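Protein chains in written order, with the working numbering: chain A, 773 to 1165; chain B, 773 to 1165.
All C-beta atoms in this analysis are idealised placements derived from N, C-alpha and C, irrespective of residue type, glycine included.
In this text, all values refer to a predicted model and were calculated from it rather than measured experimentally.
2 protein chains.
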Amino acid sequence: MATGIPDQALQIRSLVRKSGQLELSLASVPVPSPATDEVVVRVEASPINPSDLGLLLGAADMNSARQSGTPENPIVTASIPEELLKGMAGRLEQSMPVGNEGAGIVVRAGSSRESQALLGKVVAVFGGAMYTQYRCVKAGQCLALPEGTTPAEGASCFVNPLTSLGMVETMRREGHTALVHTAAASNLGQMLNRICLKDNVGLVNIVRTREQAELLRELGARHVCNTSAPTFSMDLIDALVATGATLAFDATGGGTLAGQILNGMEAALTRAATEYSRYGSATHKQVYIYGALDPSPIMLNRKFGFAWGVGGWLLWPFLQKIGPAAAQQLRERVVAELKTTFASHYTKEISLADALRLDEIAMYGKRATGAKYLINPNKGFDRWPNEVKKTVP
Amino acid sequence: MATGIPDQALQIRSLVRKSGQLELSLASVPVPSPATDEVVVRVEASPINPSDLGLLLGAADMNSARQSGTPENPIVTASIPEELLKGMAGRLEQSMPVGNEGAGIVVRAGSSRESQALLGKVVAVFGGAMYTQYRCVKAGQCLALPEGTTPAEGASCFVNPLTSLGMVETMRREGHTALVHTAAASNLGQMLNRICLKDNVGLVNIVRTREQAELLRELGARHVCNTSAPTFSMDLIDALVATGATLAFDATGGGTLAGQILNGMEAALTRAATEYSRYGSATHKQVYIYGALDPSPIMLNRKFGFAWGVGGWLLWPFLQKIGPAAAQQLRERVVAELKTTFASHYTKEISLADALRLDEIAMYGKRATGAKYLINPNKGFDRWPNEVKKTVP
Chain A
773 MATGIPDQAL QIRSLVRKSG QLELSLASVP VPSPATDEVV VRVEASPINP
823 SDLGLLLGAA DMNSARQSGT PENPIVTASI PEELLKGMAG RLEQSMPVGN
873 EGAGIVVRAG SSRESQALLG KVVAVFGGAM YTQYRCVKAG QCLALPEGTT
923 PAEGASCFVN PLTSLGMVET MRREGHTALV HTAAASNLGQ MLNRICLKDN
973 VGLVNIVRTR EQAELLRELG ARHVCNTSAP TFSMDLIDAL VATGATLAFD
1023 ATGGGTLAGQ ILNGMEAALT RAATEYSRYG SATHKQVYIY GALDPSPIML
1073 NRKFGFAWGV GGWLLWPFLQ KIGPAAAQQL RERVVAELKT TFASHYTKEI
1123 SLADALRLDE IAMYGKRATG AKYLINPNKG FDRWPNEVKK TVP
Chain B
773 MATGIPDQAL QIRSLVRKSG QLELSLASVP VPSPATDEVV VRVEASPINP
823 SDLGLLLGAA DMNSARQSGT PENPIVTASI PEELLKGMAG RLEQSMPVGN
873 EGAGIVVRAG SSRESQALLG KVVAVFGGAM YTQYRCVKAG QCLALPEGTT
923 PAEGASCFVN PLTSLGMVET MRREGHTALV HTAAASNLGQ MLNRICLKDN
973 VGLVNIVRTR EQAELLRELG ARHVCNTSAP TFSMDLIDAL VATGATLAFD
1023 ATGGGTLAGQ ILNGMEAALT RAATEYSRYG SATHKQVYIY GALDPSPIML
1073 NRKFGFAWGV GGWLLWPFLQ KIGPAAAQQL RERVVAELKT TFASHYTKEI
1123 SLADALRLDE IAMYGKRATG AKYLINPNKG FDRWPNEVKK TVP
């Protein structure tokens, strides 16, 4: 029986008031007793992904953010611009837990064999509410990590690995043979680059700076196009000709880039065309938008005929579409290559209270490539005696 | 044996010079002798569809158009803006015939039973090069029209009827239950309205003027939204709530309308939502762009989550996708309802030479709703003696 587990523990909460005020705080919540098929995970690592920021910061203007409360119990308030508030109608006045994924140690387990088998193990969980010290989940939701894996190594088992694998899988299922990726120097982008190198899939990496381009080339990327280079348009078409990519995944989701990629694909396809068609090339060109780094409108300057599509792409609907067996195969690959292909790198490890400091929010809230934070909800909480990870074998 | 058929006949040609000059002219081409499985059709009616204008006018600035030649043998020249010229690389210096579809009388037939059976019949043809006095095609390409159908009535059997039927068919195949249509007062829009009324399919008709809205309401349309009305945004959402439409077909293909429709669909879906999702509603919302009436960029002001798509839609790839049996069913419905559901209306009937007059080009080149032209390539050519339609039974 685990001891040293408190009755109450901390959890980050995000609340949007009817008045348009965002309120971030630490709630003290009871540590639950697991049901038969459940386990309680002491969360020790949970990344701040762009997909978490949407829920955490709720479209608030963080320039208006103010700090109150105490260092141990900080409160952050900020204003949400009125025109964005109506998009939040569904969450008004609800104090919401945050954090899609994370990893930790199973410190309590229900009586089922499956639950008991996880006791003391390091597991990764995609369960929401992971910015929490103790999280109770179904045993079946846990991905048991191999011996010798730390929670920090297993913190990002789901969102980035399955998203990047999902991109390659989508490419195969929709009949394309190579990929374009924007925000390519991100953790996700580097992961996709490693998958494509390993699987011998052509990948056009689009980045915004020379430093990012150099980083990717050092990581073995074969085609890197820098939007800030004067030669970008031609570089892009050359890379599209070389790879034959007709599918792109775009994290920016705003501005002219998606349209430019489609126009580049069309130019690459017609470079080889022998016959004129006023409807453009017959080859389908697709851009999937999977992020919203750029909140400005998507502008498609259409010179790419009629065989094209732009659309939203999200991991979970994709996994539902391919079904549980195929999704399980992807998960198994992640575990098998967790320290190589799917390794994540973090700028900084912070506590729950740190995550509600204005200076830290200013850093991780930038959604900047190469500024990835890891929350350790139990950082600094070594004061409980007989800590379970020392008592379980 | 048909007599009175000339050896040479006229055909409209469109030529784009390397210099960026568009040149429209009437070519004199030999009237072919049909092979065994072919027939020669005396074309008497061929519509000017938006899809024909792209090939005919080739992105030229028609404000720069000049007339030369003679009234019987007119020549029109105009400049193509340099930035648009590279899109024409595949057709430079090729004199191209124009005209997707039309109808006429079979005046010569090859020896096959199928060909012979068509002699003297009014047939509709989708064959290209229909702005021609005598067009030789395979008998299998002809759609024989019922007794008592005139070429003018059968001129538009393909593009508009199959496109509007294809929209409803796409809706059914992709799991939607109602439709949105822009440019809804057009010939195509009126046709779609008749199909939806007949088939009891919800249809949101989007028009640009009060007159167009009234016209559609007189035609029985249940949901008409006028973009120039101050209440447009709310009218659109109300109509989307009432119909449950999550699929739109947009002929404009530029500007903010496609995005506004997606935002309207999202607002309609979330109006009924009980739970907040930061990714927006899970229901897929789709806009297909099937025209390019507005050449400005498509601007998607994305407040519609991640379950969405915008893409090109063209009739012929769609027909290929559904296969010959399903396509044949659509064609049979068109013939059965040609004078009712699929009736077309034209502003004016003109000759081939008229079609190359600057004042007429200014009218039909506007692509304006309610200004639909019909070319009769044999208008004014009654001088040949023993005209075949008088000699065949």
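**Request:** Might you give, ordered along the chain, the residues of its own chain that have their beta carbon closer than 8 Å to the beta carbon of A/I777, omitting 5 neighbours on each side?
**Result:** Indexing the first sequence from 1 puts residue 777 of chain A at position 5. Excluding residues within five positions, the ones whose Cβ falls inside 8 Å are V803, V812, R814, V879, R880, Y906, W1156, V1160.
**Request:** Would you mind telling me which residues of chain A sit closer than 8 Å to B/S1049, beta carbon to beta carbon, in chain order?
**Result:** Position 277 of the second sequence holds residue 1049 of chain B. Those within 8 Å of B/S1049 in chain A are G862.
**Prompt:** Anyone know if the C-beta pair for A/V870 and A/S786 falls short of 7 Å?
**Reply:** Here residue 870 of chain A is taken as the residue at index 98 of the first sequence, counted from 1. Here residue 786 of chain A is taken as the residue at index 14 of the first sequence, counted from 1. For the 7 Å CB-CB criterion, A/V870 and A/S786 form a contact.
**Request:** In angstroms with no decimal places, state the Cα-to-Cα distance between A/I1009 and B/E854.
**Result:** Here residue 1009 of chain A refers to the residue found at position 237 when the first sequence is read from its first residue. Here residue 854 of chain B refers to the residue found at position 82 when the second sequence is read from its first residue. Here the alpha carbons of B/E854 and A/I1009 stand approximately 20 Å from one another.
**Message:** Please classify B/T1196 as buried or exposed, where buried requires at least 16 neighbouring CB atoms within 10 angstroms.
**Reply:** One cannot answer for residue 1196 of chain B here, as it falls past the ends of chain B, which runs 773 to 1165.
**Prompt:** Are the CB atoms of B/L857 and B/G830 nearer to each other than 7 Å?
**Reply:** Residue numbering aside, residue 857 of chain B sits at position 85 when the second sequence is read from its first letter. Residue numbering aside, residue 830 of chain B sits at position 58 when the second sequence is read from its first letter. The answer is no: Cβ separation not under 7 Å.
**Item:** Top-ranked residue by Cα proximity to B/T842, from B/M1135, B/E1104, B/L1130
**Value:** Taking the first residue of the second sequence as 1, we reach residue 842 of chain B at position 70. Ranking the options by Cα distance to B/T842, first place goes to B/L1130.
**Item:** B/F1078, DSSP secondary structure in three states
**Value:** As a working note, residue 1078 of chain B is residue 306 in the second sequence. Correct three-state label for B/F1078: coil.
**Message:** Between which two residues does the alpha helix (DSSP H) holding A/D779 run?
**Reply:** Numbered from 1 along the first sequence, position 7 holds the residue referred to as residue 779 of chain A. In this chain, A/D779 is not harboured by any alpha helix (DSSP H), its DSSP state being neither H nor E.
**Asked** Who are the neighbours of B/T1042 on chain A, taking C-beta pairs under 9 Å?
**Response** Residue mapping note: residue 1042 of chain B aligns to position 270 of the second sequence, counting from 1. Correct list: G859, A861, G862.
**Request:** Would you decide whether A/A957 is buried or exposed? Buried here means 16 or more other CB atoms lie within 10 Å of its CB.
**Result:** Here the question's residue 957 of chain A lines up with position 185 in the first sequence. Flag for A/A957 reads buried.
**Asked** So the alpha helix (DSSP H) A/E795 belongs to, where does it begin and stop?
**Response** The residue given as residue 795 of chain A occupies position 23 in the first sequence. Run containing A/E795: none in the alpha helix (DSSP H); it sits in the beta strand (DSSP E), 793 to 802.
**Asked** How about A/I820 and A/Y1145: do their beta carbons lie closer than 7 Å?
**Response** The residue labelled residue 820 of chain A in the question sits at position 48 within the first sequence. The residue labelled residue 1145 of chain A in the question sits at position 373 within the first sequence. Their beta carbons are under 7 Å apart, which means A/I820 touches A/Y1145 by this criterion.
**Request:** State the CB to CB distance for the pair B/M1037 and B/F1076, rounded to an integer number of angstroms; the pair is presumed to be in contact (CB under 8 Å).
**Result:** Translated into positions along the second sequence, residue 1037 of chain B becomes position 265. Translated into positions along the second sequence, residue 1076 of chain B becomes position 304. In this structure B/M1037 touches B/F1076 by the C-beta definition: roughly 7 Å separates them, less than 8 Å.
**Request:** Report the neighbours of A/K1075 on chain B: residues whose CB is nearer than 8 Å to its CB, in chain order.
**Result:** Here residue 1075 of chain A is taken as the residue at index 303 of the first sequence, counted from 1. Listed along chain B are G859, each with a C-beta nearer than 8 Å to that of A/K1075.
**Request:** Report the neighbours of B/P869 on chain A: residues whose CB is nearer than 9 Å to its CB, in chain order.
**Result:** Here residue 869 of chain B refers to the residue found at position 97 of the second sequence. Close to B/P869, with beta-carbon spacing below 9 Å, lies no residue of chain A; the smallest spacing is near 13 Å.
**Item:** Where the stretch 1081 to 1092 of chain B meets chain A: residues whose CB sits under 9 Å from a CB there
**Value:** Correct list: G1081, V1082, G1083, G1084, W1085, L1086, W1088, P1089.
**Request:** Whole angstroms is fine: what's the gap from A/G1052's alpha carbon to B/Q1101's?
**Result:** Within the first sequence, residue 1052 of chain A is the residue found at index 280, counting from 1. Within the second sequence, residue 1101 of chain B is the residue found at index 329, counting from 1. Distance between the alpha carbons of A/G1052 and B/Q1101 is about 28 Å.
**Request:** Out of B/D1022, B/S1123, B/A1127, state which residue places its alpha-carbon closest to the alpha-carbon of B/N1150.
**Result:** Stepping through the second sequence from its first residue, residue 1150 of chain B is reached at position 378. When the alpha-carbon of B/N1150 is set against those of B/D1022, B/S1123, B/A1127, the nearest one is in B/S1123.
**Asked** Just how far apart, CA to CA, sit B/G920 and B/G926?
**Response** In the second sequence, the residue the question calls residue 920 of chain B occupies position 148. In the second sequence, the residue the question calls residue 926 of chain B occupies position 154. For B/G920 and B/G926, the distance between alpha carbons rounds to 11 Å.
**Request:** Determine, using beta carbons only, whether B/A1115 comes closer than 7 Å to chain A.
**Result:** Here residue 1115 of chain B is taken as the residue at index 343 of the second sequence, counted from 1. Closer than 7 Å: no.
**Request:** Could you name the residues of the same chain whose beta carbon sits closer than 6 Å to that of A/L1128, not counting the 5 residues immediately before and after it, in chain order?
**Result:** Along the first sequence, read from residue 1 onward, the residue named residue 1128 of chain A stands at position 356. Residues of the same chain with a CB within less than 6 Å of the CB of A/L1128, apart from the 5 flanking positions on each side, are L796, P846, V848 in chain order.
**Asked** Where DSSP assigns a beta bridge to B/S818, which residues make up the other side?
**Response** Here residue 818 of chain B refers to the residue found at position 46 when the second sequence is read from its first residue. B/S818 pairs with B/I1147.
**Contacts of A/A1017 in chain B (Cβ-Cβ under 9 Å)** = Here residue 1017 of chain A corresponds to residue number 245 of the first sequence, with the count starting at 1. Result: empty, since nearest Cβ-Cβ is about 18 Å, beyond 9 Å.
**Request:** Counting only runs of 3+ residues fully inside the stretch 1080 to 1114 of chain A, write out the beta strand (DSSP E) ranges in chain order.
**Result:** Those beta strand (DSSP E) runs which fall completely within the stretch 1080 to 1114 of chain A and span 3+ residues are 1080 to 1084.
**Request:** Determine the DSSP secondary structure at A/F1153, reduced to helix, strand or coil.
**Result:** The count along the first sequence starts at 1 and reaches residue 1153 of chain A at position 381. Three-state DSSP puts A/F1153 in coil, outside helix and strand.
**Asked** If we call anything under 7 Å between Cβ atoms a contact, is A/A1017 one with A/L951?
**Response** Here the question's residue 1017 of chain A lines up with position 245 in the first sequence. Here the question's residue 951 of chain A lines up with position 179 in the first sequence. Taking a C-beta distance under 7 Å as the contact criterion, A/A1017 and A/L951 qualify as a contact pair.
**Message:** Relative to the C-alpha of B/L1019, which candidate in B/R945, B/L1065, B/E990, B/P1069 has its C-alpha closest?
**Reply:** If you number the second sequence from 1, residue 1019 of chain B lands on position 247. Of the residues B/R945, B/L1065, B/E990, B/P1069, the one whose Cα lies closest to the Cα of B/L1019 is B/R945.
**Asked** CA-CA distance, A/D1007 and B/F898?
**Response** What you label residue 1007 of chain A is simply residue 235 of the first sequence in a count that begins at 1. What you label residue 898 of chain B is simply residue 126 of the second sequence in a count that begins at 1. Cα to Cα, A/D1007 sits roughly 41 Å from B/F898.
**Contact list for B/P1069 against chain A, beta-carbon separation under 9 Å** = As a working note, residue 1069 of chain B is residue 297 in the second sequence. Ordered by position in chain A, the residues that pass the 9 Å Cβ test against B/P1069 are T1028, G1031, M1071, L1072, N1073, R1074.
**Asked** Any beta-carbon of chain A closer than 7 Å to the one on B/F930?
**Response** Start at 1 with the first residue of the second sequence, and residue 930 of chain B comes out as number 158. In terms of beta-carbon proximity, B/F930 stays away from the interface with chain A, with every pair separated by 7 Å or more.
**Item:** Contact check, A/S1116 vs A/S928, beta carbons under 7 Å
**Value:** If you number the first sequence from 1, residue 1116 of chain A lands on position 344. If you number the first sequence from 1, residue 928 of chain A lands on position 156. In this structure, the beta-carbon distance from A/S1116 to A/S928 falls below 7 Å.
**Asked** If you draw a straight line from the alpha carbon of A/K1138 to that of A/A1099, how long is it in whole angstroms?
**Response** What you label residue 1138 of chain A is simply residue 366 of the first sequence in a count that begins at 1. What you label residue 1099 of chain A is simply residue 327 of the first sequence in a count that begins at 1. A/K1138 and A/A1099: Cα-Cα distance of roughly 31 Å.
**Request:** Assign B/S936 to one of two classes, buried (16 or more other C-beta atoms within 10 Å of its C-beta) or exposed (fewer than that).
**Result:** Locating residue 936 of chain B in the second sequence gives position 164, counting from the first residue. With a threshold of 16 other beta carbon atoms within 10 Å, B/S936 meets it and is buried.
**Request:** For A/Y1118, collect the residues of the same chain with a Cβ closer than 6 Å to its Cβ; drop the 5 residues on either side in sequence, then sort them by chain order.
**Result:** Taking the first residue of the first sequence as position 1, residue 1118 of chain A is located at position 346. For A/Y1118, where only same-chain residues beyond five positions count, the Cβ hits under 6 Å are K1144, L1146.
**Enclosing alpha helix (DSSP H) for A/D1131 [first to last residue]** = Translated into positions along the first sequence, residue 1131 of chain A becomes position 359. Segment 1130 to 1136, the alpha helix (DSSP H) holding A/D1131.
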